[in-house]
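>
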Amino acid sequence: MPVESIKVPDLGDTKDVEVIEILVKEGDSVQENDSLLVLESDKAAMEIPSPRSGVIKKIIAKVGDEVNKGDEIFSIEVEGDDDASAKGDSDSQADTKAADKSEARTQEQEPASESEQQPEQEADKPAEKSVELIRVPDIGGDSDVEVIEIHVKEGDEVKAEDALITLESDKAAMDVPSPASGIVKSLKIKVGDKVSKDSPVLEMEVTSAAGGAAGKSEQSGKTEKAESAQGTGKTEAASDTSSSAKLDDKRLAKKQAEFAETAASRSDSKVYAGPAVRKLARELGVDLTLVEGSGNKGRVQKEDVQNFVKSRLQGPATAGAGSGAGIPAIPDVDFSQFGDVEELPMSKLHKVTAANMHRNWLNVPAVAQFNEADVTGLEEFRNAQRKESDKRGVKLTPLPFMLKACAKVLDEYKQFNVSLHSSGEVLIQKKYIHIGVAVATEAGLVVPVIRNVDQKSIWQIAAELAEMTDKAKNRRLSKEDMQGACFTISSLGAIGGTSFTPIVNAPEVGILGISKTQVKPVYINNEFVPRQMLPFVLCYDHRAVNGVDAGMFVTRLAEILSDIRLLMM
1475 MPVESIKVPD LGDTKDVEVI EILVKEGDSV QENDSLLVLE SDKAAMEIPS
1525 PRSGVIKKII AKVGDEVNKG DEIFSIEVEG DDDASAKGDS DSQADTKAAD
1575 KSEARTQEQE PASESEQQPE QEADKPAEKS VELIRVPDIG GDSDVEVIEI
1625 HVKEGDEVKA EDALITLESD KAAMDVPSPA SGIVKSLKIK VGDKVSKDSP
1675 VLEMEVTSAA GGAAGKSEQS GKTEKAESAQ GTGKTEAASD TSSSAKLDDK
1725 RLAKKQAEFA ETAASRSDSK VYAGPAVRKL ARELGVDLTL VEGSGNKGRV
1775 QKEDVQNFVK SRLQGPATAG AGSGAGIPAI PDVDFSQFGD VEELPMSKLH
1825 KVTAANMHRN WLNVPAVAQF NEADVTGLEE FRNAQRKESD KRGVKLTPLP
1875 FMLKACAKVL DEYKQFNVSL HSSGEVLIQK KYIHIGVAVA TEAGLVVPVI
1925 RNVDQKSIWQ IAAELAEMTD KAKNRRLSKE DMQGACFTIS SLGAIGGTSF
1975 TPIVNAPEVG ILGISKTQVK PVYINNEFVP RQMLPFVLCY DHRAVNGVDA
2025 GMFVTRLAEI LSDIRLLMM
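My numbering numbers the first residue of the sequence shown as 1475 and each following residue consecutively.
(1) Return helix, strand or coil for Pro1995, following the three-state DSSP convention.
(2) Identify whether Ile1969 lies in helix, strand or coil by the three-state DSSP scheme.
(3) Looking only at C-alpha atoms, which of Asp1944, Gly1851, Cys2013 sits nearest to Thr1915?
(4) Which residues in the same chain as Gln1730 place their Cβ atom closer than 8 Å to its Cβ, once the five residues preceding and following it in sequence are excluded?
(5) Once you ignore the five residues that flank Leu1511 on each side, which residues in its own chain have a CB closer than 7 Å to its CB?
(6) Kindly indicate which three-state DSSP category Ala2018 falls into: helix, strand or coil?
(7) Once the 5 residues before and after Leu2040 are set aside, which same chain residues still bring their CB inside 7 Å of it?
(8) For Met1942, would you say it is in contact with chain C, using Cβ-to-Cβ distances shorter than 8 Å as the test?
(9) When burial is assigned at 16 or more other CB atoms within 10 Å of the CB, is Leu1607 buried or exposed?
(10) Using the rule of at least 16 other Cβ atoms within 10 Å of the residue's Cβ for burial, across every protein chain shown, is Thr1640 buried or exposed?
(11) At which residues does the alpha helix (DSSP H) containing Glu1886 begin and terminate?
(12) Only counting the same chain, and skipping five residues up and downstream in sequence, which positions put a Cβ closer than 8 Å to that of Lys1904?
(13) By Cβ distance, which residues of its chain are closer than 6 Å to Lys1947, with the 5 residues on each side in sequence left out?
(14) Classify His1895 as buried or exposed, calling it buried when 16 or more other Cβ atoms lie within 10 Å of its own Cβ.
(15) Per DSSP, which one or two residues make a beta bridge with Ser1655?
(16) Go ahead and label Thr2029 buried or exposed: buried means 16 or more other beta carbons lie within 10 angstroms of its beta carbon, across all protein chains shown.
(17) Along the chain, where does the alpha helix (DSSP H) that runs through Thr1975 open and close?
(18) Does Glu1553 come out as helix, strand or coil in the three-state DSSP assignment?
(19) What would DSSP say about Asp1484, mapped onto helix, strand or coil?
(20) If you run the structure through DSSP and keep just helix, strand and coil, what is Thr1962?
(21) Checking the sheet assignment: what are the DSSP bridge partners for Phe1548?
(22) With respect to the alpha helix (DSSP H) encompassing Ile1935, which residues constitute its N-terminal and C-terminal limits?
(23) Just to confirm the assignment, what range does the alpha helix (DSSP H) spanning Leu1823 have?
(24) If you draw a straight line from the C-alpha of Leu1485 to the C-alpha of Leu1754, how long is it?
(25) Look at the alpha carbon of Gly1970 and the alpha carbon of Ile1988, and state the distance between them as a whole number of angstroms.
(26) Quick one, which of His1824, Ile1963, Glu1853, Ala1940 has its alpha-carbon nearest Gly1867's?
(27) Where do the ends of the beta strand (DSSP E) carrying Thr1848 lie?
(28) What's the call for Gln1811, buried or exposed, on a 16-neighbour Cβ count within 10 Å?
(29) Any contact of the region 1930 to 1940 with the region 1837 to 1846, i.e. 3+ C-beta pairs under 8 Å?
(30) Which class does Gln1859 belong to by DSSP, given the choice of helix, strand or coil?
(31) When the Cα atoms are used, what is the spatial distance from Asp1672 to Val1632?
(32) Let me check understanding here. Comparing Cα to Cα, which of Lys1878, Met2043, Val1482, Glu1551 lies closest to Arg1526?
(33) My understanding is that Ile1977 touches Met1831, with C-beta atoms under 8 Å, so please give their C-beta distance in whole angstroms.
(34) Relative to the C-alpha of Glu1540, which candidate in Gln1992, Lys1865, Asp1502, Asp1490 has its C-alpha closest?
(35) So what does Ile2038 bridge to, in DSSP terms?
(36) On the criterion of 16 or more Cβ atoms from any shown chain inside 10 Å, does Arg1860 qualify as buried, or is it exposed?
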């Protein structure tokens, strides 16, 4: 049975995904679509299924490795491919016999050629030259990209992968490499031109591989006995050309991926830096607009980024190098001098959550608006639905009512269903209502999203909420499950506490914090009566929402929760 490699499938835009669990061991028999391992990205965990049935021969990945699309993770002995394997062996043997016959004919012809002293025309034939038009490759969907630099001139000799020109879009710059070696015959563009995919760049005189192979064969024939005939040499040359084309395609795909990656993170189009430099800057948390480039025309090099970091680290702590935001860094303390300590590594999810919280806390001027709702009637209605809940197999908690009520208020007060553009000049109004729900897991905090809450019934919301919560606790949420929220709810009602102020999850502009329901005396009709009161707090981004709007939001939300019949109005 043949042994095949199992590789990491397409993970979307996610890169450097950590292997957190391996579900099989060497020698295990697996069926197609059986889970092999679990990968964890910044915010989600996913299982990688087996593409074939067979026996695991070797485990290449290990827990803690960071992998990407195409990385080899297992080798598997595939079941049910004996016939194909036998056919492959037969074809291979046939090819071998054909090659042997060809070699025998070559050896028979060679002495005759030497005895008759006929010129070896193929060997003496000069290398074939052709002029090819080099075009702009796929640049990730961008069009009208500006040519900011031309690295060659007419008559220059270039090699494969040498940079020909530099293009700059609104968000990124990239070098366009030469797909082959040759001599530049003419330039079709100039600095300042706007180009798109397949636009002509230059004409290049390319030397074909066949001539070079013949020349090499001739030189080898003078020093030792020739090993192959003209036909074999042509076959090898064709194979080399095909392999070269495949390599060029791979290099091109790699360049396209790098361009797309840098375009997503680019913030200042005036900075000239290559993809590798930008990746290094992102990893080190360096703002490239602050780095002085030492390369041609001020291009930022890797050494410039490294020197920038070194200078910041050597500077005073109050300069804020540790935080990158001008905030004095908190010094490390040797706690072992006070007693026994242990360093506990943070999970990847925990680290990402911490970074997001820190960024949101620094960037969002948040204000908190407190209120409480009389949910006595809601609780009576919910308890009356227990038989229906058992019949449907769906647990009806207060949270689905909260989501439905928030969706109604978001529809009425649309200024909460916006995001502030990074320019600070426009608000992006959303015409959909997706609400995220914070879920605490052993690995950290995640926020799955319930979509189109305004269009779903309470029972539908309850079922979907239970499904998402289960996926979150079992680390099975996908990236799509946690994207697109307009508003977030964080509920600590099942735990306790009277109130708390959650951090706004930017680019959303509001988050609702729900605390534990308490029985309180409420003055109604000239007497105090016990009522179940639900405390909640609305935290909002004051750049996008005014205090008056927040006051109306929490007042309206309390009205709806106090009389859920308003959900039908």
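Just so it is clear, CB atoms sit at the ideal spot from N, CA and C, and this is done for glycine as well.
In short, the structure shows the following:
(1) strand
(2) If DSSP states are grouped into helix, strand and coil, Ile1969 belongs with coil.
(3) Asp1944
(4) Since pLDDT at Gln1730 reaches only 46, below the 50 mark, its modelled position is unreliable, and the value read off the structure follows with that caveat. Excluding positions up to five away in sequence, the list reads Pro1611, Asp1612, Ile1613, Gly1614.
(5) Val1493, Glu1495, Ile1496, Leu1497, Ile1522, Ala1535, Ile1547
(6) coil
(7) Glu2033, Ile2034
(8) No chain C is part of this structure, which consists of one protein chain only.
(9) exposed
(10) By the neighbour-count rule (16 or more Cβ atoms within 10 Å), Thr1640 is buried.
(11) 1872 to 1886
(12) Asn1891, Val1892, Ser1893, Cys1960
(13) Thr1915
(14) exposed
(15) Looking at the DSSP assignment, Ser1655 forms no beta bridge with any residue, so it has no partner.
(16) exposed
(17) Run containing Thr1975: none; DSSP gives neither H nor E here.
(18) coil
(19) coil
(20) strand
(21) Ile1480, Ile1533
(22) 1932 to 1947
(23) 1822 to 1837
(24) For Leu1485 and Leu1754, the distance between alpha carbons rounds to 22 Å.
(25) 10 Å
(26) Ala1940
(27) Sequence check: residue 1848 is Asp here, not Thr. It spans 1840 to 1848 - the beta strand (DSSP E) in which Asp1848 sits, taken as one unbroken run.
(28) Counting every other CB atom within 10 Å of its CB across the protein chains shown gives Gln1811 a total below 16, marking it as exposed.
(29) no
(30) Of the three classes helix, strand and coil, the one that applies to Gln1859 here is coil, per DSSP.
(31) Approximately 20 Å, taken between the alpha carbons.
(32) Glu1551
(33) 6 Å
(34) Asp1490
(35) DSSP output for Ile2038 lists no bridge partner at all.
(36) exposed
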